[in-house]
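Sequential numbering of the sequence shown, starting at 63, is according to my numbering.
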Amino acid sequence: MEDQIWTDMIKRLNADETAESKRSLDRWLAEDLINAQKFEEVKTLWLLSGHLEPEITQVIPQQLREQIAPVVPIQENSRTIIKKLWAYGIAASLVMTIVIAGLELLPFSKADHREQITWKTISADAGKVIALNLPDGSNVWLNAGSTLSYPDHFNSQHLRNIRLSGEAYFEVKHDSQHPFVVESDSIKTTVYGTAFNVRAYPNESAVAVAVNSGKIGVNTKNATETADPIFLLSADRLIYHKTSKAFTRSKIAISDINGWQKGLIVFEQRPIKEVFDELSRRFNVDFSTDRLSNGSCKLTARFENKPLSVILKTLHTAMNITSNQINGTIYVEGGTICKE
């Protein structure tokens, strides 16, 4: 890291940055999501070093001690060694070690006033879309059959983390110092201020992320801290295939990204059973596909504000299937035309 960037970070952490240093650091943070991740590592160590007593060294395993020793004696004042630890790539390891060891068990100073964060969970029932305003001012539209969990307030010292199961469209309030992180099924999406859509239903074979405006970084949830994310810009779409654990990238029409808010249904090579899962969520109707002979066959179709009756009629013709409603459940069967 350049000395000037380090100096700018120290000024921000000490709350004495100038207008020039603020512009310099903000510009550096905006250049690459990796830069923000590095800053978070340094900030975490900085904050910990101001609250933890010297006994912190007791939770550092021998292997990590051996890494630190050649760089700087562990007995030195903690804030004087952070720069060297970061420069040698040890900062992230130290942060992870402290977190895993359990901050609750460490001897904090009497001045410590840790915030208690309560998580809220909101679910959208079948046939409904819910609009939410998060504590940081970001807006979320939650699609039918989806669940979103988020803190009742965002701690100013940490990332803005939320958890999604299903599909949601986000308009994130810009904050270069506190990335907005969406954890969903197999992937993690990191942004600063942008509009994007995440689709991550547990029973579907893929997870998809699409960007309306701005820039985001996507990685698998189990990726290491140093792993480079895949960056997406406006009109970019990234699909993660759960079985092959591979990503595919493509372009998408901006109007399609959150078209589901306006009644648009788009199927692109979707397994037919997943098609009926989506129709079930959208129209709050139960389907039985046990008698479907081509359940793994894939469908490509587009429906704009069409009622369920019209969609089913189209599927009858395209997939050579029949459907009958009995006691509130629609039974679908057949499918001899479709070829695997």
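Beta carbons: idealized from backbone N, C-alpha and C, even for Gly.
Predicted model, so just to flag it, every value in this text is computed and none were measured.
C-alpha gap between residue i and residue j, whole angstroms
i	j	result
isoleucine 162	alanine 363	In this predicted model, isoleucine 162 has a pLDDT of only 40, less than 50, meaning its place in the structure is not dependable; the value taken from the coordinates is given anyway. Rounded to the nearest angstrom, the two C-alpha atoms are 47 Å apart.
aspartate 290	glutamate 233	24 Å
histidine 378	leucine 221	48 Å
arginine 344	methionine 71	48 Å
alanine 77	lysine 235	22 Å
lysine 146	isoleucine 278	Unreliable positioning characterises lysine 146 in this predicted model, as indicated by a pLDDT of 47, which lies under 50. A coordinate reading is not provided.
isoleucine 184	valine 191	11 Å
tyrosine 263	glutamine 323	17 Å
leucine 114	lysine 335	Note that leucine 114 scores 38 on pLDDT, short of 50, meaning its location in the model is unreliable; the coordinates nonetheless yield the value given after this. Approximately 54 Å between the Cα atoms of the pair.
threonine 376	leucine 341	13 Å
aspartate 352	leucine 361	18 Å
leucine 210	alanine 270	16 Å
phenylalanine 216	aspartate 298	28 Å
valine 394	methionine 381	11 Å
leucine 295	tyrosine 302	17 Å
lysine 313	glutamate 287	28 Å
valine 243	valine 337	29 Å
glycine 390	glycine 228	24 Å
lysine 73	glutamate 79	5 Å
isoleucine 316	isoleucine 67	36 Å
leucine 87	aspartate 247	33 Å
alanine 193	isoleucine 319	16 Å
leucine 226	glycine 325	21 Å
threonine 180	aspartate 237	22 Å
proline 369	glycine 321	16 Å
lysine 283	asparagine 367	35 Å
aspartate 94	lysine 304	27 Å
serine 371	leucine 204	25 Å
leucine 300	glutamate 245	15 Å
glutamine 239	alanine 285	22 Å
Nearest neighbour of residue i, chosen from the options [CA to CA]
i	options	result
glutamate 266	Asn382, Lys368, Arg332, Thr209	Arg332
isoleucine 292	Thr305, Thr251, Lys307	Thr251
asparagine 281	Gln66, Ile96, Cys359	Ile96
tyrosine 212	Lys182, Lys368, Ser227, Tyr254	Lys182
isoleucine 388	Ala81, Ile224, Asp348	Asp348
isoleucine 383	Glu93, Lys368, Asn367, Cys359	Cys359
asparagine 259	Ala272, Glu330, Leu75	Ala272
valine 253	Thr310, Asn223, Leu75	Asn223
glycine 255	Leu374, Val202, Lys304	Val202
leucine 75	Asp94, Glu93, Arg85, Phe101	Phe101
isoleucine 14	Phe309, Leu204, Val372	With the chain represented from 63 up to 402, any question about residue 14 goes unanswered, as that position is not in the structure.
serine 306	Ala285, Asn205, Ala268, Arg85	Ala268
Where the alpha helix (DSSP H) containing residue i begins and where it ends
i	result
histidine 378	370-381
aspartate 298	Element bounds for aspartate 298: not the alpha helix (DSSP H) but the beta strand (DSSP E), 298-303.
lysine 84	81-93
aspartate 237	Per DSSP, aspartate 237 belongs to no alpha helix (DSSP H) and is neither H nor E.
serine 350	That residue, serine 350, is in no alpha helix (DSSP H); its beta strand (DSSP E) goes 348-354.
isoleucine 319	316-319
Where the beta strand (DSSP E) through residue i begins and ends
i	result
glutamate 340	Careful: glutamate 340 lies outside any beta strand (DSSP E), inside the alpha helix (DSSP H) at 334-345.
proline 213	209-213
leucine 196	Premise fails: leucine 196 is in no beta strand (DSSP E) and is neither H nor E.
tyrosine 393	391-396
isoleucine 278	278-282
lysine 360	360-366
isoleucine 292	292-294
isoleucine 249	249-253
threonine 256	Premise fails: threonine 256 is in no beta strand (DSSP E) and is neither H nor E.
isoleucine 179	Premise fails: isoleucine 179 is in no beta strand (DSSP E) and is neither H nor E.
phenylalanine 309	308-313
asparagine 265	From DSSP, asparagine 265 is part of no beta strand (DSSP E); its letter is neither H nor E.
Nonlocal neighbours in the same chain, by C-beta distance under 6 Å from residue i, ignoring five residues either side
i	result
serine 200	Val234, Lys235
isoleucine 327	Phe365
alanine 257	Glu233, Asn274, Ser275
arginine 89	none
arginine 261	Glu229, Ala270
arginine 311	Leu300
Whether residue i touches residue j by CB criterion (9 Å)
i	j	result
asparagine 346	glycine 189	yes
serine 355	glycine 396	yes
aspartate 214	proline 241	no
glycine 207	alanine 186	yes
leucine 45	alanine 81	In this structure the chain extends from 63 to 402, so residue 45 is not present and cannot be described.
Sequence-distant residues of the same chain with beta carbon closer than 8 Å to residue i, five excluded per side
i	result
threonine 69	Ser83
Same chain, Cβ closer than 7 Å to residue i, five either side skipped, listed in chain order
i	result
glutamine 125	With a pLDDT of 43 at glutamine 125, under the threshold of 50, the modelled position of this residue cannot be trusted, and the question is left open.
glycine 164	Caution applies to glycine 164, whose pLDDT of 41 falls short of 50 and renders its modelled position unreliable; the model cannot decide the point.
phenylalanine 329	Val337, Leu361, Thr362, Ala363
aspartate 339	Asn265
leucine 374	Ser385
Any non-hydrogen atom of the ligand FAD within 8 Å of residue i CB
i	result
valine 337	Ligands in the displayed structure: none, and consequently the ligand FAD is not present.
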